[in-house]
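S.K.: Sharing a structure with you now.
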Amino acid sequence: MVKEPDSNHLKDEITKLRSTYLRMIGKELDGMSLKELQHLENQLTEGILAVKNKKEQVLL
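According to the numbering used here, the sequence shown is numbered sequentially starting from 3.
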């Protein structure tokens, strides 16, 4: 039997995902360390490269 996640766990997960989303779009960056900012920059760079590669595939 699969245990249903409790509402507090789901609320915490929603809060975490919202924070991640806002950081990915350049909002709520205050309080982030240099290391966290560098990690975010690397994630965004990888994402941009993936989008550019997919765009090239579609155009060919």
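For glycine and all other residues, C-beta sits at the position ideal for the given N, C-alpha and C.
Grouping DSSP H, G and I as helix and E and B as strand, with all else coil, what is Ile27?
M.R.: DSSP places Ile27 in coil when its eight states are reduced to three.
S.K.: With respect to the alpha helix (DSSP H) encompassing Gly49, which residues constitute its N-terminal and C-terminal limits?
M.R.: Note, Gly49: alpha helix (DSSP H), 36-61.
S.K.: With distances taken Cα to Cα, identify the nearest neighbour of Ile27 among Asp14, Glu43, Leu36.
M.R.: Of the candidates Asp14, Glu43, Leu36, the one whose C-alpha sits nearest the C-alpha of Ile27 is Glu43.
S.K.: With distances taken between CB atoms, is the gap from Ser21 to Glu30 smaller than 8 Å?
M.R.: In contact: Ser21 and Glu30 (Cβ atoms closer than 8 Å).
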